[in-house]
Structure formats: structure tokens, C-alpha cells
Amino acid sequence: MKGPLFYSKILLFGEYGIIKDSKGLSIPYNFYNGALKVDEDPSAAAIASNQSLGRFADYLNELQQNNPQLVQFDLASLKKDVAKGMYFDSTIPQGYGVGSSGALVAAIYDKYATDKITVLENLTRDKLLKLKKIFGEMESFFHGKSSGLDPLNSYLSIPILINSKDNIEPAGIPSQTENGQGAVFLLDSGSTGETGPMVNIFMESMKQEGFRKIMKDQFVKHTDACVDDFLKGDVKSLFSNVKRLSHVVFDNFKPMIPAKFHQLWKQGIETNDYYLKLCGSGGGGYILGFTEDIQKARKSLKDYNLEVVYNF
1 MKGPLFYSKI
11 LLFGEYGIIK
21 DSKGLSIPYN
31 FYNGALKVDE
41 DPSAAAIASN
51 QSLGRFADYL
61 NELQQNNPQL
71 VQFDLASLKK
81 DVAKGMYFDS
91 TIPQGYGVGS
101 SGALVAAIYD
111 KYATDKITVL
121 ENLTRDKLLK
131 LKKIFGEMES
141 FFHGKSSGLD
151 PLNSYLSIPI
161 LINSKDNIEP
171 AGIPSQTENG
181 QGAVFLLDSG
191 STGETGPMVN
201 IFMESMKQEG
211 FRKIMKDQFV
221 KHTDACVDDF
231 LKGDVKSLFS
241 NVKRLSHVVF
251 DNFKPMIPAK
261 FHQLWKQGIE
271 TNDYYLKLCG
281 SGGGGYILGF
291 TEDIQKARKS
301 LKDYNLEVVY
311 NF
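Be aware that the sequence shown starts at 1, since it is given in the UniProt record's numbering, and climbs by one per residue.
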């Protein structure tokens, strides 16, 4: 048995901002994926994943009892498959900000939800919001409060524009330029990040009036401008806004940037060879980079492995 593939995602813009109603833009990233699977001879990782799925099935049982209107699952089939050794076979790195739990949630919903909303339907705003709510409740099992966006992106496999908490829509993004010099890339920090502790630091900071003001007047403002520029294909304006955003993050989100990257982050802003920003909640995992000249960026970051995810 092997189920359909579900892909990783990249939140290009909106990390932390969407908690405070900034815009956001999330795109599928097909380089990594995962599928539900049963093997004759499971590895240690498969056995660990299978045990985790057993706990997840219990959680979904509770969710269904507490909120029967929201979602129903064929739990008998799920439990039967878990007993057979089913696990989530995934190349998506965990704790890297590219949606490993999101892909798993999408796969479980796709296979076991009864009366599910499918990708083939006319996806009205209400349907998208309902899916996002279901996925948020499901994914909360893995790391506390979840917005539901990662599984939504993985399930639909289309770019999603977040206008505000209650207003999301499929987005048409400009098609990539073959051999374009400009690029969005991933930089591997070499360590994993934990979502929960990072979000807690952010929520603590939000209790300070000064930080709230920076979020509203700078972070959200630049994030919204970046989303608009990206969707319009206004590359010149995009890079000046990404630079501002990178600066605000460097000055105010230090705990979320792995210490050994502080200097690289600053160097990008000073040389304009590239600009870095958080990918997901930060603290480790991937860092997202933007550059107008990928060769220049590669040279400046020659000790690191860059994965290009989008070309301008």
C-alpha cells in the first residue's frame, strides 16, 4: 500500500505577521513530499512514525467527539491500518519550517475524512476557511496552536494568499523566469527549530507596547508590501521591501535567528548581495533568502548549500 504524495510548503511572507493579521503568501514546494505507506519490513523510523500515528488516531477520536459538526473520520479504517503498521513515509525534514506535519495532516484527512471537501470542487471562501479550521484543529496535535495553513497548502497544492485571518484565497503567482538571475532560495542552518518555544517568545514580546508598535508600523507594513509586489511581479519594489523586512527581523527577532547566522544576516543587508528572512518560526531549520543575482549570493555564501525554490 502507498497513498498519494503530499508536498512540503514554503511560507514566502507572513511568518509571525499572520498571527497579527498581516498578509501572507504560501507556496507548495515539490522538492519534498510524503505519503502513507505500509511495508513488510519497517525501519526504526517507520515504527516510530507508526506509533505516533496511533497517538494521532486517539487524538482525532477526541476531536471528533468534542466537535462532531466540524469533521468526522472513518476511525475504524484508520485504526486498522495503523495496526497493520501504516506510517508516513516522508522526505520532508522535521523542524525545518517546510511543513512536515502539514503534509501528514493533509494525507490523513484525504484518506480518512468522511464527507470531505475535495480539491476538485469549486473552492469558495467558506470551504477554504472550513478546511483551514479543520486542519488547524488536526495539526494542533503536533505543535500546540496551529493556523491550519501548512496542511491546507499541502492538501490543495496551490499557492494561497492570506489577506487576513478570515480571508484566504487561491493565488496566481507570476510564472518563474527560466534562467532568471533573481531567486528565492533556502539556506540550511544545520539545526532543527522547535515551533512552540519560538511562538512563546513572540507572544511574550507582544505584551510590550513598543514591540506591538514595531509589528504594526514596520513588520506588518513591509510584509504586506512584499506580498503585493511579489504577486504583481514588481521585482524592483519587492527587493527594497524585502531589505526593510530583513532589517526589522534582524533588529527585533534575534532569538529566532540562529546565533551563527547573525553576521551573515547583517552582511546581506550591508552588501545587498542577498537578504535573509525567517522560514517558518525560525530558531533553526531553513532560512529563506532573496537575491537579485544568484551567482553573487552563491559566492557570498560559498560555505553553505543553497536550494533555489523560485527564479525571477
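Glycine residues also receive a C-beta, built at the ideal position from the N, C-alpha and C atoms.
Assigned with DSSP and collapsed to three states, aspartate 251 falls in helix. The beta carbon of lysine 79 sits closer than 6 Å to the beta carbons of Ala57 from its chain, once the five residues preceding and following it are set aside; these are given in chain order. When secondary structure is reduced to three states using DSSP, tyrosine 155 falls in the helix class. Pairing serine 154 with glycine 102 gives a Cβ-Cβ distance under 8 Å.
Here the region 44-64 makes no contact with the region 238-245; the two share fewer than three CB pairs at distances below 8 Å.
Methionine 215 is classed as buried because its beta carbon has at least 16 other beta carbons within 10 Å across all chains shown. Going by beta carbons, histidine 222 and valine 248 fall inside the 8 Å limit.
Annotation: the UniProt domain "GHMP kinase N-terminal" (86-150) contains the following complete segments of the beta strand (DSSP E) (minimum length 3 residues), in chain order: 87-90. CA-to-CA, the gap between glutamine 64 and asparagine 30 works out to about 31 Å.
A Cβ-Cβ distance of about 6 Å is found for the pair leucine 288 and leucine 186, placing them in contact under the 8 Å criterion. If you compare the alpha carbons of Tyr304, Asp273, Met198 with that of glycine 95, the shortest gap goes to Met198. Secondary structure of phenylalanine 290 (DSSP, three-state): strand.
Note on valine 105: 16 or more other CB atoms within 10 angstroms of its CB, so buried under the neighbour-count rule.
With respect to the 8 Å criterion, lysine 37 and aspartate 89 are classified as neighbours on the basis of their beta carbons.
At the C-beta level, tyrosine 274 and phenylalanine 290 come within 8 Å of one another. Taking the C-beta atoms as reference points, glutamate 169 is found nearer than 8 Å to arginine 125. Straight across, the Cα-Cα distance linking leucine 70 with isoleucine 108 is about 15 Å.
Taking the Cα positions, alanine 83 is about 25 Å away from asparagine 67. Two segments are said to touch when three or more pairs of C-beta atoms, one from each, lie closer than 8 Å; by this definition the region 227-236 touches the region 2-14.
Under DSSP, the beta-bridge partners assigned to leucine 278 are Ile287. In this structure, proline 4 lies away from alanine 48, with their beta-carbon atoms at least 8 Å apart. Burial state of serine 164 is exposed, judged by a 10 Å Cβ sphere holding fewer than 16 other Cβ atoms. Contact between threonine 195 and serine 281 holds, since their C-beta atoms are separated by about 5 Å, short of 8 Å. C-alpha of lysine 127 to C-alpha of isoleucine 117: approximately 7 Å in a straight line. A buried status is given to alanine 297, since no fewer than 16 other beta-carbon atoms sit within 10 Å of its beta-carbon. In the displayed model, proline 197 falls within a helix according to three-state DSSP. According to DSSP, asparagine 167 shares a beta bridge with Ser164.
CA-to-CA, the gap between threonine 271 and serine 300 works out to about 9 Å. Selection Ala76, Asn311, Glu40, Met256 evaluated against isoleucine 201 yields Met256 as nearest (Cα-Cα). In this structure, the beta-carbon distance from glycine 182 to valine 235 falls below 8 Å. About 7 Å separates the Cβ atoms of valine 308 and isoleucine 294, confirming a contact at the 8 Å cut-off.
Ranking Phe219, Lys23, Ile27, Lys9 by CA distance to the CA of proline 174 puts Ile27 first. DSSP places valine 235 in the helix class (H, G or I) of the three-state scheme.
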